[in-house]
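Beneath this line is the structure, given in structure tokens, with notes to follow.
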Amino acid sequence: MTASATGQVIEAVDVTRRFGSFTAVDDVSMHVEAGEVVGLLGANGAGKTTLMRMLLGLLPTSEGRTRILGGSPSRARRRRVGYVPQNLGLYRDMTVRENLEFVSATYGSAVPPLPDELSAFARVLVGDLPLGTQRQIAFLAALSHAPEAVLLDEPTSGVDALSRARLWDTIRGQSDAGVGVLVTTHYMQEAQQCDRLLLMAGGRLVAQGSEADVIGSTRALAVRTGDWAAAFAALNASGAAVILDGRAVRVADADRDEIARVLREADVDAEIDAVPATIEERMLVLAREAKAATTG
Ligand SMILES: Nc1ncnc2c1ncn2[C@@H]1O[C@H](COP(=O)(O)OP(=O)(O)OP(=O)(O)O)[C@@H](O)[C@H]1O
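Heads up, the sequence shown is in our numbering, so the first residue is 28 and it goes up one at a time.
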């Protein structure tokens, strides 16, 4: 194992990135250790992809520095890293086999064998495959040169449950082998599979730690009513942090009396229970706070 693989394999120190007058990433410090799976969470536009691109040295920082495998993210170090971008980085007009051969030639590594469930696709153009299969190929390509750190930008978005479970098996296999993994996801069940979470909102790192650390003392109200559509509409119009999960109406970080008043005024009969917040609700609260801070 190299010296870098025993400690922090991915690191950002006081990193800011501006596009013109807009600050996409605002003074973020974070790290991933060897053997750790760290989940990077945040709403659309929170700054996750921008941070990842700076960590990889694909985008310069405006301030601060990033390090990968113990040094600046040079081309040489990037060769020891696996990256699956949101758009997968595959050639759609090349076959699966050709894509894997191309990646192997770039890294000077052996062409990875296709697992049984993918072997039938060797001669199929990547662009003709379902998204879930394309993601599995992108994983295989990104891991083919035995990287020491892996960065995955929404690796399972649009993927069915079985393929998602397979991809997570692969991620855990990597971390068990000592690889440090940074993964962005919108799926809260996946967040629970990470060793540690980082939450971004409005370009800032607003919470980190275990699921319990991130949720902290935030509570939610579960609104039980047959008239869930009217309840949701009234609460949403009142500016509450309301989430409709199926037919269940939940409000994060809200005052029970105030919510009862809004529902009463909307003629909605409901029972209201205080419950622990979920990560998603905590994210909603943090995103609203970040927005309020920037809009004054
Ligand atoms: N090249 C660019 N020029 C201007 N603005 C940009 C550029 N790249 C990103 N942004 C802006 O920076 C913000 C953060 O974008 P980023 O893609 O990092 O968010 P994200 O958290 O990855 O979102 P998503 O989950 O949608 O991928 C967004 O408001 C985006 O529009």
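Just so it is clear, CB atoms sit at the ideal spot from N, CA and C, and this is done for glycine as well.
Practice task
Measuring alpha carbon to alpha carbon, tell me which of A176, V241 and D272 ends up nearest R105.
Solution key: Stepping through the sequence shown from its first residue, residue 105 is reached at position 78. Nearest option by C-alpha distance: A176.
Practice task
Rank A249, G253 and A256 by C-alpha distance to the C-alpha of V278 and give the top, closest one.
Solution key: Residue 278 sits at position 251 when you count from the first residue of the sequence shown. Of the listed residues, the one whose Cα sits closest to V278 is A249.
Handout entry: Cutoff 6 Å; reference H172; Cβ partners in own chain excluding five residues on either side
Key = In the sequence shown, the residue the question calls residue 172 occupies position 145. Once the five neighbours on either side are set aside, the close Cβ partners of H172 are Y134 and S136.
Problem - Boundaries of the beta strand (DSSP E) in which E1 is found, first to last residue - result: In the structure as shown, the chain begins at 28 and stops at 323. Residue 1 is therefore absent and cannot be evaluated.
Practice task
Return yes when at least one heavy atom of ligand 1 lies under 7 Å from the C-beta of G69, else no.
Solution key: Sequence index remark: in the sequence shown, residue 69 carries index 42 (1-based). The answer is yes for G69.
Exercise for the section: Using a threshold of 8 Å, state whether the C-beta atoms of R223 and E63 are closer than that. Expected result: Translated into the one-based positions of the sequence shown, residue 223 becomes position 196. Translated into the one-based positions of the sequence shown, residue 63 becomes position 36. Cβ atoms of R223 and E63: closer than 8 Å.
Exercise for the section: Provide the residue(s) that pair with A275 in DSSP beta bridges, ordered along the chain. Expected result: As a first step, residue 275 is located in the sequence shown; it is residue number 248 there, counting from the start. A275 pairs with D272.
Handout entry: Which of helix, strand or coil DSSP assigns to G200
Key = For the purposes of this step, residue 200 is taken as residue 173 along the sequence shown, with counting starting at 1. Note: G200 maps to helix in three-state DSSP.
Exercise for the section: Tell me whether A30 is buried or exposed, calling it buried when 16 or more other Cβ atoms sit within 10 Å of its Cβ. Expected result: For the purposes of this step, residue 30 is taken as residue 3 along the sequence shown, with counting starting at 1. Confidence at A30 is low in this model, with a pLDDT of 40, below 50, so its placement is unreliable and the value that follows should be read with caution. Exposed.
Exercise for the section: For T322, name the three-state secondary structure that DSSP assigns. Expected result: Looking up residue 322 in the sequence shown gives position 295. Note: T322 maps to helix in three-state DSSP.
Practice task
Please name the residue, chosen from G243, F148, V42 and V108, that lies closest to R231 on a Cα-to-Cα basis.
Solution key: As a working mapping, residue 231 is identified with position 204 in the sequence shown. Answer by Cα proximity: V42.
Problem - L117 vs Q163 beta-carbon contact at 8 Å - result: Position 90 of the sequence shown, counted from the first residue, corresponds to residue 117. Position 136 of the sequence shown, counted from the first residue, corresponds to residue 163. Result no, Cβ atoms of L117 and Q163 do not sit closer than 8 Å.
Problem - DSSP three-state assignment for E181, whether helix, strand or coil - result: For the purposes of this step, residue 181 is identified with residue 154 of the sequence shown, where counting begins at 1. Looking at E181 - three-state DSSP - the assignment turns out to be coil, as it is neither helix nor strand.
Problem - Reduced DSSP category for E60 - H, G, I as helix; E, B as strand; rest coil - result: In the sequence shown, residue 60 corresponds to position 33, counting from 1. Here E60 sits in strand by DSSP.
Practice task
Tell me whether E307 is buried or exposed, calling it buried when 16 or more other Cβ atoms sit within 10 Å of its Cβ.
Solution key: The residue you call residue 307 lines up with position 280 of the sequence shown. Classification for E307: buried.
Problem - Contact under 8 Å by Cβ, R124 with A149 - result: On the sequence shown, residue 124 is found 97 positions in, with the first residue counted as 1. On the sequence shown, residue 149 is found 122 positions in, with the first residue counted as 1. Contact flag set, yes.
Handout entry: Endpoints, the beta strand (DSSP E) within which G236 is located
Key = As a working mapping, residue 236 is identified with position 209 in the sequence shown. Looking at the DSSP string, the run of the beta strand (DSSP E) that includes G236 is R231 to G236.
Exercise for the section: Below 8 Å on the Cβ atoms is my guess for A297 versus T252; work out the distance and round it to an integer in Å. Expected result: One-based indexing of the sequence shown puts residue 297 at position 270. One-based indexing of the sequence shown puts residue 252 at position 225. About 4 Å separates the beta carbon of A297 from that of T252, a gap short enough to meet the 8 Å contact definition.
Practice task
Measure the Cβ-Cβ separation of L167 and L115 and say whether it is below 8 Å.
Solution key: The count along the sequence shown starts at 1 and reaches residue 167 at position 140. The count along the sequence shown starts at 1 and reaches residue 115 at position 88. No, these two residues do not count as a Cβ contact at 8 Å.
Exercise for the section: Reducing DSSP to helix, strand and coil, say where T50 ends up. Expected result: Translated into positions along the sequence shown, residue 50 becomes position 23. In the structure shown, T50 sits in a strand (DSSP, three-state: E or B).
Handout entry: Whole-angstrom distance between L86 and R44, CA atom to CA atom
Key = Reading the sequence shown from its first residue, position 17 is the one you call residue 44. Reading the sequence shown from its first residue, position 59 is the one you call residue 86. Those two C-alpha atoms are separated by around 9 Å.
Problem - Buried versus exposed, by CB contacts within 10 Å (16 or more), E144 - result: Locating residue 144 in the sequence shown gives position 117, counting from the first residue. Answer is exposed; the Cβ neighbour count stays below 16.
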